[in-house]
Amino acid sequence: MKNINSENIIGDDGLYGIYGLVGKPFWQTNFFYITLAIFFLIVFMFIIYILVKKYKNSRPIEQPDKRALRELDGLREMLLQNKINSKDFYLNLTVIVKNYLFGRFGYDLFGLTDHELVRFLQNKNFDLSLLESIKEMFLSMEVIKFANAQVAKGLMEKDLVICVDLVRKTTLTSHMQK
Numbered sequence: 057m058k059n060i061n062s063e064n065i066i067g068d069d070g071l072y073g074i075y076g077l078v079g080k081p082f083w084q085t086n087f088f089y090i091t092l093a094i095f096f097l098i099v100f101m102f103i104i105y106i107l108v109k110k111y112k113n114s115r116p117i118e119q120p121d122k123r124a125l126r127e128l129d130g131l132r133e134m135l136l137q138n139k140i141n142s143k144d145f146y147l148n149l150t151v152i153v154k155n156y157l158f159g160r161f162g163y164d165l166f167g168l169t170d171h172e173l174v175r176f177l178q179n180k181n182f183d184l185s186l187l188e189s190i191k192e193m194f195l196s197m198e199v200i201k202f203a204n205a206q207v208a209k210g211l212m213e214k215d216l217v218i219c220v221d222l223v224r225k226t227t228l229t230s231h232m233q234k
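Positions in the sequence shown are counted from 1; adding 56 to them yields our numbering.
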C-alpha cells in the first residue's frame, strides 16, 4: 500500500491528483438494489391489496323497490313458517316501509312515529288511495307493536299485501312519470 502524504497528493502542475474511490457508495451496491426492489415489490403488493379489498366489498347498488320486495318476501316466508310473532312482524314491516320511502323518495322517516309518518305523507301530497291503506295499517300497528297485542295471521298477511302494493304502485307511477 502506498503511503499518501501531502507531497504525493499535489502534482507537478499544482493540482491534486486523481485517485480511485476508497469504497463503493451504498447506492451502487447490490444490497441497495435488492433492498430497493423488495421495497417497491411491497408497495406494489400493498396497492393491489387495497384495490382488491375496495372492489371485492363493493356490491352493486340495489334498487329500493327490489330491496323492499325481497325483504317483504323474506318476511312473508317467516310469517308462513310461524317463525315470527306479531310484534316483531310489525316492527320489521315498519322498518321496511320507512327504508323504502327513504330510498325511493328521499323522505327521512326514521325518527318519526307512526302518526307523524302518516301526517308527513299527507303533507307531501302522497297518493290518496295508497295513503288511506297506509294510514289504516300504521294506526292499527301501534297497538300491536307497543301493547304486545296478538293479531290474527290473516290481518298480518293483509298488511303485508298492502306494503307490497305500496312498493309496486309507487314503482309503476314513478316509471310512468319518466
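Heads up, the beta-carbon is just placed ideally off N, CA and C, and yes, glycines get one too.
In the structure shown, residue 125 falls within a helical segment according to DSSP collapsed to helix, strand and coil.
In this chain, residue 119 is not harboured by any alpha helix (DSSP H), its DSSP state being neither H nor E. Contact holds between the stretch 153 to 161 and the stretch 219 to 228, because three or more Cβ pairs, one in each stretch, are under 8 Å apart. In the DSSP annotation of this structure, the continuous segment of the alpha helix (DSSP H) that includes residue 148 starts and ends at 142 to 161. Counting other Cβ atoms within 10 Å of its Cβ, residue 104 stays below 16 and is therefore classed as exposed.
Proximity to residue 149 across 193, 97, 92, 95 peaks at 193, based on C-alpha coordinates.
Counting the other CB atoms within 10 Å of its CB gives residue 172 a total below 16, which places it among the exposed residues. With 16 or more neighbouring CB atoms inside 10 Å of its own CB, residue 177 falls in the buried class. Taking a C-beta distance under 8 Å as the contact criterion, residue 223 and residue 156 qualify as a contact pair.
Here residue 131 has 148 as same chain residues with Cβ atoms under 6 Å from its own Cβ, once five neighbours each way along the sequence are excluded.
Of all C-beta pairs linking the stretch 184 to 200 to the stretch 119 to 135, fewer than three are shorter than 8 Å, placing the two stretches out of contact. The beta carbon of residue 122 sits closer than 6 Å to no other beta carbon from its chain once the five residues preceding and following it are set aside. In the three-state reduction of the DSSP assignment, residue 137 falls in the coil class. Contact between residue 95 and residue 88 does not hold, since the beta-carbon distance rounds to 10 Å and is not under 8 Å.
Scanning 151, 116, 139, 135 for the CA closest to the CA of residue 170 turns up 151. Relative to residue 153, the option among 117, 125, 140, 180 whose CA is nearest is 125.
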